[in-house]
Structure formats: structure tokens, C-alpha cells
């Protein structure tokens, strides 16, 4: 039995069942998700990757942000998943990755399950940390431009129908008020940038992955846009742009974004998970529940081009690894 088959069987046994053979559409073997490692190895991997994860934007990135200043003194920061989108951007492209041969049948099915569970339950710190470790392991060695191409070519099919109409209205209102608009997500830049372009949001805070000389993900991060790191980046941006944070706005659904929401004077909990709903009530923050997914084409008749070469962690491409963790997190 080869390593990938043994790893898949071990993971299946731990979950109480054995999945079908993990093959890609092109017949090649699919890399085993990091869940298949032993607990000790998973712990060592997590510790190593944690040490390699920068918690703030680089000076080069901040300087570029400052050069693009519009002169605005206020900004609105929008979380992406379950705030603007009615689904997880990181899991949305699983079918497209399968068609292109990056993931196999098992990971596709697990990704669909993870998407369903994410919609119902959201993602806490433990899930997100497991997701990060798995994604870095699985996407290491993948061609960054191949991932970016798949996202560009399938964006309208995957994302366009699942945008909340209430979020689009808020984006319009903040734009009309001359506030800078920012899209914030722990998903990779190769996913977040084209979505931001389609939404008409000029700026993003997203996870950035290192790419080697061959243009492949090397398994490490330049910046991980998650939790406190988002708040740190927000403050860096505010200093670079001259924003008055007390007059800025932020929107999110997750307790993991509590630090980001707390950094501005006008935080709003949108479709909040249980923990964030309780925190928002305790602090007197507004709570909004969005219920109306709409077709983005009706809002933006001429979406901008998404032909930009994108660099970032292949979050969308790793729906299978994410699914393993979300579906079987009790084994971690």
C-alpha cells in the first residue's frame, strides 16, 4: 500500500469509515491531507508553521498602501465570508479545482460537506488554525499562477450568485460617503483580489504566501490575515493612510474578528456566530442579519478584469484539507 492510500485509510478509520480511493480526475494520486499524520507529527508541524507566520504587514506592503492614499480620513473594513458572501470563499472553488485535476473525488466530497458545516456553524480559532496548517501542507509545491488562473476563470460561476444584497448596499453607502473600502479575509490573495475587483472594493487585507523561484507555493506565509493579525494590519494601514479609527467602520460575522471590530469606532456584527452575538450585545454594538443573496451581475453590470497575476496561499485550492479538519476536528 502506498503512502497516500495508507494515510487516507488511517484518516478514514479515525473518522469511523473509509473513504473512496483518493484519485484526481487525471488519474494521478492525490496528496494526503495533514490530518493523516500522527498527532505528534501534526503538533510539530503546527508549531513550526506558527513560528514561520508573520503577524503584521511588511514595511514594503505598508509603504505601497501609503503611496495609494486617496486622502480619505475614514474607511470601512468588510470581512468576506458570511458577511458579504453567503459561503466560504476558501471552500467555494473545490469543484473547479477538481475539474482541473488539483484535488480528487474524496476531497471534493469532503469540501462540499465542509461548506455545509461552515454555513451552519462558522469557524472558531481551533478550526481556523487546523485549516491553516492543513492548507500550507497540501498546497506546498502547487503553481501559484495555476491556482490564480482557475479562480479567475471560474469566479463569476462560483461567487456571483452568493453575495448578500444588504452588504452591497452598505458598500455603496460607504463609497458614497467617500470612505476608503477594504475587503478583509483570511483567504489567500489569489481568491480575495478578484472578488474585491468584482465588488468594486479597491483594497484588501488577505493572507499572503511565499512563492519560490519556480513560482510555486513554498509552504510558508508572508502574512496570515487572521484574528489579532487583522487588527494589527488595520492599525498599520490607518497609520499609513491617516485614518481616524474612531470614525472608521468594520463588519464581521466571527468572534475571531473581535480584535478587528474593537479597533474601530463603529463596529457591526453581521450574521454573527453565537460568541460574537453575545460579545456585541455586551458591548452595545449593532447586530445585523443578512438574508438576501443576490446576483452580483445585477449590481455591477461591467465587472473589472481579474487578469492580475495574483500571489497568495492556495486556500481555495485546498478544500479537501480544510474539509478533513472541519469534518473530523475531534481527532486533532
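Numbering (the working numbering), first residue to last: 10 to 341. All C-beta atoms in this analysis are idealised placements derived from N, C-alpha and C, irrespective of residue type, glycine included. This one's a predicted model, so the numbers in the text were calculated from it and none came from an experiment.
Separation of residue j from residue i, as counted between CA atoms
{"i": "residue 211", "j": "residue 76", "result": "14 Å"}
{"i": "residue 264", "j": "residue 285", "result": "5 Å"}
{"i": "residue 283", "j": "residue 237", "result": "19 Å"}
{"i": "residue 67", "j": "residue 274", "result": "25 Å"}
{"i": "residue 92", "j": "residue 225", "result": "31 Å"}
{"i": "residue 298", "j": "residue 94", "result": "13 Å"}
{"i": "residue 261", "j": "residue 281", "result": "7 Å"}
{"i": "residue 80", "j": "residue 71", "result": "16 Å"}
{"i": "residue 177", "j": "residue 206", "result": "13 Å"}
{"i": "residue 89", "j": "residue 193", "result": "6 Å"}
{"i": "residue 151", "j": "residue 266", "result": "29 Å"}
{"i": "residue 279", "j": "residue 302", "result": "14 Å"}
{"i": "residue 276", "j": "residue 184", "result": "17 Å"}
{"i": "residue 295", "j": "residue 220", "result": "40 Å"}
{"i": "residue 174", "j": "residue 87", "result": "14 Å"}
{"i": "residue 230", "j": "residue 287", "result": "32 Å"}
{"i": "residue 250", "j": "residue 85", "result": "13 Å"}
{"i": "residue 223", "j": "residue 69", "result": "22 Å"}
{"i": "residue 180", "j": "residue 149", "result": "35 Å"}
{"i": "residue 158", "j": "residue 203", "result": "11 Å"}
{"i": "residue 227", "j": "residue 195", "result": "18 Å"}
{"i": "residue 154", "j": "residue 293", "result": "44 Å"}
{"i": "residue 300", "j": "residue 254", "result": "29 Å"}
{"i": "residue 245", "j": "residue 186", "result": "23 Å"}
{"i": "residue 248", "j": "residue 271", "result": "16 Å"}
{"i": "residue 290", "j": "residue 268", "result": "16 Å"}
{"i": "residue 209", "j": "residue 64", "result": "27 Å"}
{"i": "residue 190", "j": "residue 197", "result": "18 Å"}
{"i": "residue 259", "j": "residue 188", "result": "12 Å"}
{"i": "residue 78", "j": "residue 239", "result": "19 Å"}
{"i": "residue 156", "j": "residue 256", "result": "37 Å"}
{"i": "residue 82", "j": "residue 160", "result": "33 Å"}
{"i": "residue 243", "j": "residue 172", "result": "24 Å"}
Three-state secondary structure assigned by DSSP to residue i
{"i": "residue 223", "result": "coil"}
{"i": "residue 271", "result": "helix"}
{"i": "residue 81", "result": "coil"}
{"i": "residue 215", "result": "strand"}
{"i": "residue 90", "result": "strand"}
{"i": "residue 276", "result": "strand"}
{"i": "residue 204", "result": "helix"}
{"i": "residue 296", "result": "strand"}
Residue interval of the beta strand (DSSP E) (run including residue i)
{"i": "residue 197", "result": "189 to 197"}
{"i": "residue 261", "result": "258 to 261"}
{"i": "residue 64", "result": "Here residue 64 belongs to no beta strand (DSSP E), and DSSP marks it neither H nor E."}
Where the alpha helix (DSSP H) through residue i begins and ends
{"i": "residue 238", "result": "237 to 250"}
{"i": "residue 181", "result": "174 to 185"}
{"i": "residue 75", "result": "68 to 76"}
{"i": "residue 291", "result": "283 to 292"}
Cβ of residue i within 8 Å of any chain D Cβ
{"i": "residue 162", "result": "The question asks about chain D, but that chain is absent: this structure has only one protein chain."}
Decide if the stretch 204 to 219 is in contact with the stretch 233 to 252; the criterion is three or more beta carbon pairs, one per stretch, under 8 Å apart. yes
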